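Trainee: Just so you know, the sequence shown maps onto residues 1 to 209 in this note's numbering. Where a beta carbon is used, it is the ideal one built from N, C-alpha and C, also for glycine. Everything numeric in this text was worked out from a predicted model, so none of it was measured. Take a look at this one; I'll ask things after.
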Amino acid sequence: MDLDIPHLLTGLAARRPVFHSEADLQHELAWRLREVHPELQVRLEYPLAHPSNAAIDILIKNGSEEMALELKYLCQHVEHVIDGEQFALKPQGAQDIRRYDVLKDIGRMEQFLAARPAASAAVLVLSNDPSYWIGPKRDGTCDAAFALREGRTVTGMLDWADHAGPGTKRGRESSIALQGAYAMNWRDYSRIDARFGEFRYLYVPVERP
């Protein structure tokens, strides 16, 4: 399915430069999709048969074609008022496990495509936390394999460093195997007059295995 998601985000940013939560982003992006492409069917939290507890954040359908879109909203602390609406984003922290989760989503979408020959898929990350596109730059961190920094290409078998503690890896012990090669190219989304007011996004079309 030929959808220009970055172009949709440009229009969305003019109306919604900031979101309260990932669910808020999910809802507004789905709304924007329907505004621009009223012929599409858009479903949120679309369940997958395997595994039974898995769901796709946004599933877009057009006849026999379908596209899966996974979202992540990774925040630093911001307090700001826009058109009378108060936004108070809490710092999420735990950037190491959130980097893991982004790449895990890419792996999940590769599996989705392997089971659906006519489908397409992508992962979208929106963040105002510069640590995702800037670093870590050194290789000695426990999550170095999962770095999302600008200009990096991610591929192959990805795992925690040997010195990563059990607490860090809890629930995320498995390595991630990516068959495709994915360039981490961050783009500007919006800017507000506040500390951590620069929002950027990472849009990763997923390759068919």
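(1) In whole angstroms, what is the alpha-carbon distance linking E22 and H163?
(2) Which whole-angstrom value describes the C-beta separation of L12 and R34, a residue pair presumed to lie in contact below a C-beta threshold of 8 Å?
(3) Do D188 and R170 have their beta-carbon atoms positioned less than 7 Å apart in this structure?
(4) Would you call R107 buried or exposed, if buried means 16 or more other Cβ atoms sit within 10 Å of its Cβ?
(5) Straight-line CA distance for L48 to D129?
(6) Taking 6 Å as the limit between beta carbons, can you name the residues of its chain near I176, skipping five residues before and five after?
(7) Pick out whichever of Q111, L71, V78 has its Cα sitting closest to the Cα of R99.
(8) Please report the straight-line C-alpha distance between S174 and H20, rounded to a whole angstrom.
(9) Output the distance between the C-alpha atoms of E39 and L25, rounded to the nearest integer angstrom.
(10) Hey, how far is the Cα of G180 from the Cα of T141?
(11) In the DSSP assignment, what are the bridge partners of R182?
(12) Assign H27 to one of three DSSP states: helix, strand, or coil.
(13) Need the endpoints of the beta strand (DSSP E) that F199 sits in, please.
(14) On the three-state DSSP scale, how would you describe F112?
(15) Buried or exposed for Q76, going by 16 or more other Cβ atoms inside 10 Å?
(16) Could you give the C-beta distance for M109 and E66, rounded to a whole number, given that I count them as a contact under 8 Å?
Mentor: Well, looking at it:
(1) Translated into positions along the sequence shown, residue 22 becomes position 22. Translated into positions along the sequence shown, residue 163 becomes position 163. Between the alpha carbons of E22 and H163 lies a distance of about 31 Å.
(2) Numbered from its first residue, the sequence shown carries residue 12 at position 12. Numbered from its first residue, the sequence shown carries residue 34 at position 34. About 12 Å separates the two Cβ atoms, so there is no contact after all.
(3) Within the sequence shown, numbered from 1, the residue matching residue 170 stands at position 170. Within the sequence shown, numbered from 1, the residue matching residue 188 stands at position 188. Going by C-beta atoms, R170 is not nearer than 7 Å to D188.
(4) Taking the first residue of the sequence shown as position 1, residue 107 is located at position 107. Going by the sequence as given, residue 107 is Gly instead of Arg. It counts as buried.
(5) Numbered from its first residue, the sequence shown carries residue 48 at position 48. Numbered from its first residue, the sequence shown carries residue 129 at position 129. Their Cα atoms are separated by approximately 31 Å.
(6) Sequence index remark: in the sequence shown, residue 176 carries index 176 (1-based). L103, K104, G107, L158.
(7) What you label residue 99 is simply residue 99 of the sequence shown in a count that begins at 1. Closest option to R99, Cα to Cα, is L71.
(8) In the sequence shown, residue 174 corresponds to position 174, counting from 1. In the sequence shown, residue 20 corresponds to position 20, counting from 1. Straight-line Cα distance between these residues: approximately 31 Å.
(9) Sequence index remark: in the sequence shown, residue 39 carries index 39 (1-based). Sequence index remark: in the sequence shown, residue 25 carries index 25 (1-based). Looking at the two C-alpha atoms, the distance is approximately 21 Å.
(10) For the purposes of this step, residue 180 is taken as the residue at position 180 of the sequence shown. For the purposes of this step, residue 141 is taken as the residue at position 141 of the sequence shown. Rounded to the nearest angstrom, the two C-alpha atoms are 24 Å apart.
(11) Walking along the sequence shown from the start, residue 182 turns up at place 182. Arg is not the amino acid found at residue 182; the sequence shown has Tyr there. Note: Y182 sits in a beta bridge opposite V154.
(12) Residue mapping note: residue 27 aligns to position 27 of the sequence shown, counting from 1. Helix, per DSSP.
(13) Locating residue 199 in the sequence shown gives position 199, where the first residue counts as 1. Looking at the DSSP string, the run of the beta strand (DSSP E) that includes F199 is 198-205.
(14) For the purposes of this step, residue 112 is identified with residue 112 of the sequence shown, where counting begins at 1. Note: F112 maps to helix in three-state DSSP.
(15) For the purposes of this step, residue 76 is identified with residue 76 of the sequence shown, where counting begins at 1. With 16 or more other Cβ atoms within 10 Å, it is buried.
(16) Taking the first residue of the sequence shown as position 1, residue 109 is located at position 109. Taking the first residue of the sequence shown as position 1, residue 66 is located at position 66. That pair is no contact at about 12 Å.
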